[in-house]
Each structure stands twice: as structure tokens, then as C-alpha cells.
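Colleague: Take a look at this one; I'll ask things after.
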Amino acid sequence: MTVAVYMLFRLPRWRNVWDTAVALGLGTALTLIQVLPAFNYLRQTHRLPVPFWDLLRDYGLHSRAVAWFVPNFFGNSVAKNWWGIATSNDVETAVYVGLLPLALILAALLLRRDWHTRFFAMWGGLGLLWALGTPAYGLLYVLPVFNGLHPSRAIHPTHFSGVYLGRLRVRSIAQIERPDALPLGGIGLG
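Letter by letter, the sequence shown follows residues 146 to 335 of this note's numbering.
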């Protein structure tokens with residue numbers, strides 16, 4: 146989904162619409178190989194349908210936001226010390242990415258002004274709105290596959306966007322040529 150939205154966002158910049166159509170078609174075909182068999186299982190699920198507003202209230206990440214800054218805050222199922230919310234599990238609260246990556250993401254958002262940064266900031270922000278259980282999740286809830294998933298599972302676009310924004314910031318830091326700062330950095334690491 147991220148690749149499709151990215152390619153549609155780039156569509157005005159592409160000179161050859163045919164290349165875009167082929168890439169989107171190939172990506173869709175490869176995705177359907179994985180997704181279509183799951184449709185058979187989704188029709189036979191043991192889960193009862195949850196009303197939309199209950200889904201947002203009970204399964205959004207808004208009540209688990211502390212997990213962004215403290216890993217395993219609610220415990221871990223491997224260590225058998227889970228004490229989190231009864232309607233959740235550790236898979237749905239595994240949103241910790243680290244403080245340094247969060248700082249890199251924030252720096253990229255504040256210091257970069259190119260279209261890549263704008264796109265991934267918007268896409269990551271939309272994914273965060275979905276995962277927090279806001280009414281924006283209704284955009285996904287109307288789709289056949291997503292209406293059976295909890296909003297917290299929609300955190301993946303945010304993580305992907307965060308990785309890309311952090312990468313942009315690291316690349317821009319690596320391109321700064323400051324030989325006078327290198328010895329100080331070595332002292333700090335030693």
C-alpha cells in the first residue's frame with residue numbers, strides 16, 4: 146500500500162505514465178498472490194465483528210502511547226510478564242523504535258523541505274492517526290481486509306515512514322564535511 150501511494154504521489158513527476166502503470170500492476174499482482182488466499186480464511190474467522198466505535202475505543206494505540214518511548218512497558222509475552230490492557234497483546238503495542246531514531250525523524254521533519262520529506266511526513270502522520278484509533282481509521286475500515294483488523298495494526302506506514310525519514314537525516318549528516326569535528330567524535334566514542 147505504501148508503494149502504491151508513493152507512486153501515485155510521484156505520478157506528476159514521472160515522464161512515462163506507462164512505466165507507472167506497469168509498476169503498479171506488477172506490484173498489485175505480486176501482492177494479490179499473498180493476499181487472495183487470506184480472503185478464504187477471513188470469511189471463516191472466529192472473531193466476532195466489532196462495531197466501528199468500539200474498535201476505535203478498545204483497540205487504538207491512544208491508551209498505549211507510552212510504548213513509543215518505553216519498550217516493553219506493558220511487559221512481554223516471551224518473558225511471561227504481560228500486564229497490559231486485557232483487550233490487547235504485546236504484538237499490538239510493539240511500537241518502540243528508539244529515542245535516537247525518533248530524534249533523527251524529528252530533525253528530518255524540521256530541517257528538510259523536499260517533497261520526499263513532505264510525502265513521508267504525511268503518510269506517517271496518516272498511519273499514526275489510523276493506529277491511534279481516531280475516526281480517520283474509517284478510511285481503512287471500509288476496505289474488505291482492514292475491517293477485520295484492529296487499528297493498532299495500521300502502525301506500519303508510520304514505522305516505514307519513520308525509517309525513511311531517519312535515513313534521509315543520516316544521509317544529510319553523512320554528507321557534511323567537517324574534518325575538525327572528526328577527532329572530537331572519536332574521543333566521544335572512545
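Backbone N, C-alpha and C define an ideal beta-carbon position, used for all residues, glycine too. Given the structure is predicted, the values throughout are model-derived calculations rather than measurements.
Please list the terminal residues of the continuous alpha helix (DSSP H) segment that includes Trp-275.
Modeller: Element bounds for Trp-275: 260–276.
Colleague: Given Ala-266, which residues of its chain have a CB within under 8 Å of its CB, disregarding the five upstream and five downstream residues?
Modeller: Correct list, in chain order: Leu-254, Ser-306 and Leu-310.
Colleague: Given a cut-off of 9 Å, decide if Tyr-204 and His-295 are closer than it, judged by their beta-carbon atoms.
Modeller: In contact: His-295 and Tyr-204 (Cβ atoms closer than 9 Å).
Colleague: Give the range of the alpha helix (DSSP H) segment to which Gly-101 is assigned.
Modeller: Limits of the chain in this structure are 146 at one end and 335 at the other, which puts residue 101 out of reach.
Colleague: Take Val-240 and list the residues in its own chain whose beta-carbon comes closer than 6 Å to its own, dropping the five residues that flank it on each side.
Modeller: For Val-240, where only same-chain residues beyond five positions count, the Cβ hits under 6 Å are Ala-212, Trp-213 and Ile-300.
Colleague: With H, G and I counted as helix, E and B as strand and the rest as coil, what does DSSP make of Ile-250?
Modeller: In this structure, Ile-250 counts as helix in the three-state DSSP scheme.
Colleague: Short of 7 Å in beta carbon distance, which residues of its chain neighbour Asp-199, apart from the five on each side in sequence? Order them along the chain.
Modeller: Result list for Asp-199: empty, nothing under 7 Å.
Colleague: Just tell me which of Leu-177, Val-180 and Ala-149 has its CA closest to the CA of Ala-168.
Modeller: Cα-wise, what sits closest to Ala-168 is Ala-149.
Colleague: Buried or exposed for Phe-219, please, with buried defined as at least 16 other CB atoms from any protein chain shown within 10 angstroms of its CB.
Modeller: Buried: at least 16 other Cβ atoms inside 10 Å.
Colleague: Within this structure, are the beta carbons of Leu-271 and Pro-302 separated by less than 9 Å?
Modeller: Yes; because the gap between Cβ atoms is below 9 Å, this pair is in contact.
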